[in-house]
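Chains as they are written, first to last, in the numbering used here: chain B, 858 to 1115; chain P, 210 to 512.
Shown next, in structure tokens, is the structure this report addresses.
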Amino acid sequence: MKAVRLVLLQIKYQERAFRRNPAAAFFTIAFPLIFLVILNVIFGGNDLDLGDRVISGATFYIPAIAALTIVNSCYTSIAMSWVFDRDGGVLKRVRGSPLPPWAFLFGRIAHAVILMLALLVLVVLFGWLFYDVDVPGQTMPAVLVTLAVGAFSFCALGFAIASMVPNADAAPAVVNASILPLLFISDVFIPPDAGTPAWVEHLSSVFPVRHLSEALQTGFNPFETGAGFEPVHLAVIAAWGVAGLLVTLRFSSWEPRV
Amino acid sequence: MAEAVIEVRGLRKRYGELEAVRGIDLRIERGEVFALLGPNGAGKTTTVEILEGHRSRTAGEVSVLGFDPGRNEVALKERMGIVLQHTGLEPYLTVSETVDMFRGFYPRPLPLDEVLEVVGLEEQRDQRVRRLSGGQQRRLDVAVGLAGDPELLFLDEPTTGFDPTARRGAWAMIRSLRELGKTVLLTTHYLDEAQALADRVAIMVRGEIVAEDTPAGLVAADADAVIRFRAPQGTALPDGLGLREADEGLIEARTADPTRDLNALTSWALAEGVELEDLTVSRLSLEDVFLRLTDEGDGEVAS
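This is the structure:
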């Protein structure tokens, strides 16, 4: 009971602080929609021939932006806020109080996941209203499982990269450099029929972003007749998550690096 | 003997080649305001961070409220408050929200109004943290340290960077902590602060405690007074009084018998027709003692 109360306390004050910074809140919310609109304007008019199916550009970009949202809400924002809190002494202060570290962690993760879910609802709703994209029906359980595995793994990887970043000044550079290239080579920003060389696809298959975007593509595929589960993709994402967790447990620190 | 809240024996901390803390002993009793004084780099913060549980130690025994802080136990953290030198607080929360959040971490928190009253932030209670002045933010740091109604409070350089008015305010606040019966371990490099606030002072230099006493005791342990004056350049000074040149062109002598030595000095001056400008006789200040202990003024001291 006490544990639940402490986590809820964290979430309450995190949400409040988030809402009180309207500029940050606005752009956090607008970010995926801006990408959704831009990519649709540029590439959305053409139908995509994916070999087994032909879909509209917009149908491709809803799950792609959903993948971006998961990566951004979990990986990028967790990594940034953890490094900033570490440098700013927030973590040290928590560590000197009786608040258990895991309660603080759960508060952070819960905040990220709540925000992620809100943004995903917004993206899907936007696609349904303006781009005539179907909301997943019988594949919904598969989409939700993908979200859960994705959220776990990208949060864990966010903490892991934070433990590698030396200080707050380096955080934006390191975090962005580690994730933006993957978003470009993993069928998130650029559709798969754009002539991506095979070796690039093989390379990106090592990393979790491609597996996340492909699992979501299946979940949002209007021609999908099965449940839409992608066990191989999910396994790769989860394996990265476990690796991230191990790195975090080994190298994470609550104090600024000297 | 009163109950010891902090007891340290033979504490050592080594960072690679550097030994930051070289075997110190400390005993701080319940209800005391104890100041750990020393120049920058003397090992004060390292010592305090070991007591707070933020740092491991290389050797020695440490007991804080009966616990070993190195074991990171919640039961200890519930009974102590830490005010760090640099702390991050959520800028978009208000003062009372911030204190309330921290109160929520403790089993028996101090009432919100009481916390705000002690630190003097009643009027700012609904202000966002980012709108507070530097001094007010420091008070909020203390408020957060007090939120759990700790028996023991660590204050790491609580007034560094304050203007004189804000410092007086902070001092009044620390005195009121004593009235609440809190044990306070204060680190500072301001001598007047230690003198004004502390029941006992330990002076730390290069990882060792070189003196420990009440502020008055530290001063009394030395010669009783110091005579200072200026004399024209090239004057041949009398022997036997221990006169030596000090800073700013002053000549000074420490003396255990100021009446006799002053008489000898003024008699000599009258006989020789020497004008003793800016002649003063004063008690040694804590600063005089401190400078001598920190290697004849070699230690870097802000005043």
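For each residue, glycine too, the CB sits at the ideal point set by N, CA and C.
In this text, all values refer to a predicted model and were calculated from it rather than measured experimentally.
Cross-strand partners of residue i (DSSP beta bridge)
| i | result |
| --- | --- |
| P:T396 | P:L245, P:D365 |
| P:I233 | P:L220 |
| P:F276 | P:V273 |
| P:T303 | P:R337 |
| P:A268 | P:R221 |
| P:E417 | P:V414 |
| P:I215 | P:I237, P:V273 |
| P:L227 | P:Y224 |
| P:I291 | P:F363 |
| B:R943 | Note: B:R943 sits in no beta bridge, so no partner. |
| P:R409 | P:F243 |
Candidates the options: closest to residue i by CA position
| i | options | result |
| --- | --- | --- |
| B:P1113 | B:I895, B:I919, B:G902, B:R952 | B:R952 |
| B:I1042 | B:A1030, B:E1071, B:A1028 | B:E1071 |
| B:G908 | B:F892, B:E1058, B:P1049 | B:P1049 |
| P:D365 | P:R348, P:L452, P:A420, P:T397 | P:T397 |
| P:F314 | B:E1081, B:V1099, B:D944, B:K859 | B:K859 |
| B:V970 | B:G1083, B:E872, B:F1080 | B:E872 |
| B:F1086 | B:L1102, B:L948, B:L1069, B:D1026 | B:L1069 |
| P:L488 | P:E282, P:I460, P:L500, P:V257 | P:I460 |
| B:T996 | B:L863, B:W1097, B:F1080, B:F884 | B:F1080 |
| P:Q336 | P:T423, P:A420, P:V308 | P:V308 |
| P:V217 | P:R223, P:F371, P:R236 | P:R236 |
| P:G357 | B:V980, B:I966, B:L962, B:S954 | B:S954 |
| P:R501 | P:G344, P:E282, P:M382, P:V414 | P:V414 |
| P:A213 | P:A352, P:E238, P:T254, P:H295 | P:E238 |
| B:F1064 | B:Q1074, B:D906, B:F963, B:G1007 | B:G1007 |
| B:L1009 | B:A887, B:V1093, B:K869 | For clarity, residue 1009 of chain B is Phe in the given sequence; the question names Leu instead. Comparing Cα-Cα distances from B:F1009 to each of B:A887, B:V1093, B:K869, the minimum goes to B:V1093. |
| B:V980 | B:L956, B:A936, B:A923 | B:A923 |
| B:S1109 | B:F884, B:I886, B:L962 | B:L962 |
| P:R348 | P:L319, P:P359, P:V304 | P:V304 |
| B:A1019 | B:D944, B:A967, B:F983 | B:D944 |
| P:G225 | P:G262, P:G250, P:T267 | P:T267 |
| P:L395 | P:L341, P:V351, P:R492 | P:V351 |
| B:F1077 | B:S1035, B:D991, B:L1039, B:L1040 | B:D991 |
| B:P920 | B:S1061, B:V1057, B:I1036, B:L1040 | B:L1040 |
| P:G370 | P:T392, P:G390, P:K391, P:Q345 | P:Q345 |
| P:E417 | P:S342, P:L227, P:A251 | P:A251 |
| B:V898 | B:I935, B:F1046, B:Q1074 | B:F1046 |
| P:S476 | P:T464, P:L446, P:L493 | P:L446 |
| P:A465 | P:R453, P:E496, P:F499, P:A429 | P:A429 |
| P:R387 | P:R231, P:G240, P:I233 | P:G240 |
Closer than 8 Å: residue i CB and nearest the ligand GDP heavy atom
| i | result |
| --- | --- |
| B:E1058 | This structure lacks the ligand GDP, and indeed carries no ligand of any kind. |
Residue-level contact to chain D via CB, residue i, 9 Å cutoff
| i | result |
| --- | --- |
| P:V353 | Structure shown: chain D not included; protein chains present are B and P. |
Practice item. State whether the region 324-336 of chain P contacts the region 270-289 of chain P, with contact taken as three or more CB pairs (one from each stretch) at a distance under 8 Å. Key: No, the region 324-336 of chain P is not in contact with the region 270-289 of chain P.
Review point. Which ranges does the beta strand (DSSP E) cover as unbroken runs of at least 3 residues, wholly within the region 419-493 of chain P, from first to last along the chain?
Key: Entirely contained in the region 419-493 of chain P, the beta strand (DSSP E) runs reaching 3 residues are, in chain order, 434-439, 460-464, 486-492.
Review point. What are the start and end residues of each continuous beta strand (DSSP E) run of 3 or more residues lying completely inside the region 1041-1087 of chain B, in chain order?
Key: Taking only runs of at least 3 residues, no beta strand (DSSP E) segment lies wholly in the region 1041-1087 of chain B.
Point to revise | Sequence ranges, alpha helix (DSSP H) only - wholly within the region 859-929 of chain B, length at least 4 | key: DSSP runs (the alpha helix (DSSP H)) wholly in the region 859-929 of chain B: 859-876, 879-900, 914-927.
Review point. At a cut of 8 Å, does the region 398-407 of chain P reach the region 227-244 of chain P through at least three beta carbon pairs?
Key: By the Cβ test, the region 398-407 of chain P is in contact with the region 227-244 of chain P, since at least three Cβ pairs between them sit closer than 8 Å.
Practice item. Pull out every residue of the region 246-264 of chain P whose Cβ sits closer than 8 Å to any Cβ of chain B, in chain order. Key: The region 246-264 of chain P vs chain B, Cβ under 8 Å: E261, G262, H263.
Exercise for review: Please name the residues in the region 872-899 of chain B whose beta-carbon is closer than 7 Å to at least one beta-carbon of chain P, in chain order.
Suggested key: Taking 7 Å as the Cβ-Cβ cut-off against chain P, the residues of the region 872-899 of chain B that qualify are R873, A874, R877, N878.
Review point. Which residues, taken in chain order from the region 1014-1033 of chain B, show a beta carbon closer than 9 Å to some beta carbon of chain P?
Key: Cβ contacts with chain P: none found.
Point to revise | Given 8 Å, three or more beta-carbon pairs between the region 292-303 of chain P and the region 865-882 of chain B | key: Verdict: yes, contact present.
Exercise for review: Scan the region 983-1016 of chain B for residues whose Cβ lies nearer than 8 Å to a Cβ of chain P and list them as they occur along the chain.
Suggested key: Look at the region 983-1016 of chain B: it has no residue with a C-beta under 8 Å from a C-beta of chain P.
Review point. Do three or more CB pairs link the region 940-948 of chain B to the region 1023-1043 of chain B at distances below 8 Å?
Key: The region 940-948 of chain B and the region 1023-1043 of chain B touch, with no fewer than 3 CB-CB distances between them shorter than 8 Å.
**Study point:** Three or more C-beta pairs below 8 Å linking the region 899-917 of chain B and the region 993-1012 of chain B
**Key:** Flag = no, the region 899-917 of chain B and the region 993-1012 of chain B do not touch.
Exercise for review: Identify each residue in the region 281-297 of chain P for which the Cβ-Cβ distance to at least one residue of chain B is less than 7 Å, and report them in chain order.
Suggested key: Per Cβ criterion, the list reads V283, K286, E287, I291, L293, H295, T296, G297.
Review point. How do the region 477-488 of chain P and the region 439-448 of chain P stand: do at least 3 beta-carbon pairs fall below 8 Å, yes or no?
Key: In this structure the region 477-488 of chain P touches the region 439-448 of chain P; the number of beta carbon pairs closer than 8 Å is three or more.
Practice item. Would you check if there are 3 or more beta carbon pairs closer than 8 Å linking the region 1097-1107 of chain B to the region 1002-1018 of chain B? Key: By the Cβ test, the region 1097-1107 of chain B is in contact with the region 1002-1018 of chain B, since at least three Cβ pairs between them sit closer than 8 Å.
Practice item. With 7 Å as the limit, tell me which residues of the region 300-312 of chain P have their beta carbon closer than that to any beta carbon of chain B; keep them in chain order. Key: Correct list: Y301, L302, E306, M310, F311.
Check your understanding: Do the region 381-394 of chain P and the region 1099-1109 of chain B meet, that is, are 3 or more Cβ pairs less than 8 Å apart?
Key -> With contact defined as three or more Cβ pairs closer than 8 Å, the region 381-394 of chain P and the region 1099-1109 of chain B are not in contact.
Point to revise | Selection of the region 950-974 of chain B by Cβ proximity to chain P, strictly under 8 Å | key: From the region 950-974 of chain B, only R950, R952, G953, S954, P955, L956, P957 have a Cβ closer than 8 Å to chain P.
Review point. Of the residues that make up the region 313-330 of chain P, which ones have a beta carbon closer than 7 Å to any beta carbon in chain B?
Key: Against chain B - using a Cβ distance shorter than 7 Å - the residues of the region 313-330 of chain P are G313, F314, Y315.
Review point. Any contact of the region 883-898 of chain B with the region 981-995 of chain B, i.e. 3+ C-beta pairs under 8 Å?
Key: Inter-segment contact for the region 883-898 of chain B and the region 981-995 of chain B is present: three or more beta-carbon pairs are separated by less than 8 Å.
**Study point:** Members of the region 1102-1115 of chain B that neighbour chain P once the beta carbon cut-off is set at 8 Å
**Key:** Only E1112 from the region 1102-1115 of chain B bring a Cβ to less than 8 Å from some Cβ of chain P.
Practice item. For the region 948-1008 of chain B, list the alpha helix (DSSP H) runs that are entirely contained and at least 4 residues long, ordered along the chain. Key: 958-987, all fully within the region 948-1008 of chain B.
Check your understanding: Listed in chain order, which residues of the region 930-945 of chain B have Cβ atoms closer than 7 Å to some Cβ of chain P?
Key -> Answer set for the region 930-945 of chain B: D942, G945.
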